[in-house]
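Here's the structure we're looking at; comments come further down.
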Amino acid sequence: MLPLLILQLHMIQGESRFALLWTLVGPVVLLTLISSLYFLMGTHFVLGMDVPTFSLLGATTWIMFRQIIFRSSTSYISARGLLNLRGVTPLLCALVQSILYVTIYLAVFGILIGAGHYAGIISLPASWPAFMCMVATMGVAGAAIGLVFGAIATVWRFFLRLGTALERMLEIFSSVFFVSEQLPEQYRGYFLWPPFAHGMQLLRSVYFDSYHSSDASLTYYVLSLVVLVSIALGVERFARSNVQPV
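Each residue of the sequence shown is one higher than the last, beginning at 408 in our numbering.
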């Protein structure tokens, strides 16, 4: 895995500098958009969470999640050129991409939180280890979905275009822009069916001392991750034969 990881790092270095810079700029743009909407409504705190930090957590985590989904799925179906190397499989290529982007975005979080705290606009996490662990679990969820998307794309090449629309729909229902406790109680269930909504609210719960999600369930989130990973591995096993070395 390590040689493949090094190879992928070299490939990332070969990308345009703008693409690399966007890993920092993208979250800033989205958190600015989310924060601006709250500020225009005269809201500076969401259930005890300051709006800039609240927005940073939603924006950066979801951009990481999205990147992992599409980087790993693309890597899975494009692995044919690497399969001639000993020990390399499509699954390994997808996993390496996922690990790489979790690592990159943990670094992005560190930079943005540190710079934002220095500027006096971002608060620090109540627990760094718990926060990083929750970010990593969202990475696991992204890797599992990416594997499913990649496996489907081996038989239906245009699926990844549809996958973009599915990801956008999930974004609305996954507590990126708001948490379920902001909604009237009778409507909360409509926004709590995705496990990622629970993950995002649990992430904010471990970050802020002032917020503890009454709706998010750790049990539901963990069990959903286990089921999602199991489905991803099962689907990948059937799709593996569709990816042949060149």
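Ideal placement from N, C-alpha and C gives every residue a C-beta, glycine not left out.
No experiment lies behind these values; they were computed from the predicted model shown.
Helix, strand or coil for residue i per DSSP?
i       : result
Val-453 : strand
Leu-590 : coil
Arg-647 : helix
Phe-477 : helix
Ala-533 : coil
Val-542 : helix
Tyr-618 : coil
Val-509 : helix
Gly-521 : helix
Met-448 : coil
Phe-516 : helix
Ser-485 : coil
Gly-494 : coil
Ser-443 : helix
Phe-556 : helix
Phe-585 : coil
Val-562 : coil
Pro-459 : helix
Shortest alpha-carbon distance to residue i belongs to which of the options?
i       : options                            : result
Phe-472 : Tyr-618, Gln-504, Ile-520          : Gln-504
Ser-480 : Pro-459, Thr-571, Thr-510          : Thr-571
Gln-393 : Phe-603, Ser-620, Leu-464, Leu-428 : Residue 393 lies beyond the stretch modelled for the chain, which goes from 408 to 653, so this question has no answer here.
Ala-639 : Leu-573, Thr-467, Gly-549, Trp-563 : Gly-549
Gly-641 : Ala-543, Thr-468, Val-555, Thr-439 : Val-555
Asp-457 : Glu-574, Phe-585, Gln-593, Thr-468 : Phe-585
Ile-528 : Tyr-512, Val-435, Val-583          : Val-435
Ile-559 : Val-650, Leu-431, Leu-440          : Val-650
Ser-582 : Val-432, Phe-516, Thr-468, Val-495 : Thr-468
Arg-647 : Thr-496, Arg-478, Gly-433          : Thr-496
What is the C-beta distance between residue i and residue j, in whole angstroms, given that I count them as a contact (C-beta under 8 Å)?
i       : j       : result
Ala-533 : Phe-615 : 6 Å
Ile-476 : Gly-553 : 4 Å
Leu-438 : Ala-466 : 4 Å
Gly-606 : Met-541 : 7 Å
Leu-463 : Leu-519 : 6 Å
Leu-635 : Ala-551 : 4 Å
Thr-430 : Ile-511 : 6 Å
Arg-611 : Phe-461 : 7 Å
Val-509 : Gly-546 : 4 Å
Counting only C-beta atoms, is residue i closer than 8 Å to chain B at any point?
i       : result
Leu-447 : The structure shown contains no chain B; it is built from a single protein chain.
Worksheet item: Are the segment 522-537 and the segment 445-453 touching, with three or more C-beta to C-beta distances below 8 Å?
Response: Judged by Cβ distances under 8 Å, the segment 522-537 makes no contact with the segment 445-453, as fewer than three pairs qualify.
Practice prompt. For the segment 592-610 and the segment 620-630, state whether three or more C-beta atom pairs, one from each stretch, are separated by less than 8 Å.
Written response: yes
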